[in-house]
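Sequence positions in the sequence shown follow my numbering and run 90 to 274. For each residue, glycine too, the CB sits at the ideal point set by N, CA and C. Small disclaimer: the values here were computed from a predicted structure and weren't measured.
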Amino acid sequence: EEKPFTGPSIYFHETIILMRKDTALGKLLEQELYIEYLYMVLTAWGMHSLRGGPKLLEFHDFTKEVKAIGQKVLLLEDKLLGEISESEINLLHQAMVENSVMRTGVRIVGNSKLLHHLLPNLVPPIDGANVLHFFDLEGSDIEVFPELMLNFKTIHNKIDWAKISYDGPMNTSHSKLIDNAIIGY
């Protein structure tokens, strides 16, 4: 009811999701416009603060990191959250450990938001204020990612998705709907 997502945060999110629905990830990673939209959505989602908060890499370096991460997770393009295996979670985790689009800030937050837009049906966007706080896991930053993914998978597989309505511009995938529920909680 509060509709916290407006303006650029919703516009760039919807644009990226539509681009992903229409085009294979490998093809999108070759398009500068797609990389630019990723840069814009992450900025709109708070990943580049002018007042001492998180900072994205400069665009040239961001592009390299997006392509590196994208190539590492390309095999997971058609995977769904409820089907992900532990070895696939480890592949995602390894990509986040080896590469980052963040210059400063919590790597799990920026990288998961990037991965959400690369693999919207698989990776939820993780934020510190809601998701990390909700699960209250032991460990620092990126270390908790595998456990978070297993928690999201468990929640996903307990939901009767036939009874869920997708109304609303931020309700774009199962992973995002679970994220929205945690934010709402």
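On the criterion of 16 or more Cβ atoms from any shown chain inside 10 Å, does residue i qualify as buried, or is it exposed?
i: N246; result: exposed
i: S176; result: exposed
i: T261; result: buried
i: L181; result: buried
i: G159; result: buried
i: R140; result: exposed
Compare the C-alpha of residue i against each of the options and name the closest.
i: K161; options: N269, K265, I244 and L207; result: L207
i: H149; options: A157, D225 and N260; result: A157
i: V186; options: H137, E121 and E154; result: E154
i: Y128; options: S176, P97, D111 and H182; result: P97
i: H102; options: K252, R109, E121 and V130; result: V130
i: H137; options: V190, P258, I244 and K116; result: V190
i: T104; options: Y274, P258 and I271; result: P258
i: L221; options: N210, I106 and P235; result: P235
i: K252; options: M108, I106 and H263; result: H263
i: T193; options: I271, I244, S229 and P143; result: P143
i: L164; options: E125, F224 and I178; result: I178
i: E147; options: D225, I124 and L107; result: I124
i: E166; options: M238, L114 and F151; result: L114
i: S174; options: D249, I99 and L239; result: L239
Opposite residue i in the DSSP bridges: which residues?
i: L145; result: M191
What residue range is occupied by the uninterrupted alpha helix (DSSP H) comprising residue i?
i: M43; result: There is no way to answer for residue 43, as the model of the chain reaches only from 90 to 274.
i: A133; result: Careful: A133 lies outside any alpha helix (DSSP H) and carries neither H nor E.
i: V198; result: R196 to L207
i: A270; result: H263 to G273
i: I244; result: F234 to K247
i: K252; result: Taken as a continuous stretch (DSSP letters only), K252 belongs to no alpha helix (DSSP H), as it is neither H nor E.
i: G115; result: L114 to L117
Point to revise | Segment contact flag, the region 190–199 with the region 214–228, C-beta cutoff 8 Å, min 3 pairs | key: Judged by pairs of C-beta atoms under 8 Å, the region 190–199 touches the region 214–228, as three or more such pairs exist.
Review point. Do three or more CB pairs link the region 165–173 to the region 258–268 at distances below 8 Å?
Key: Cβ pair count under 8 Å is three or more, so yes.
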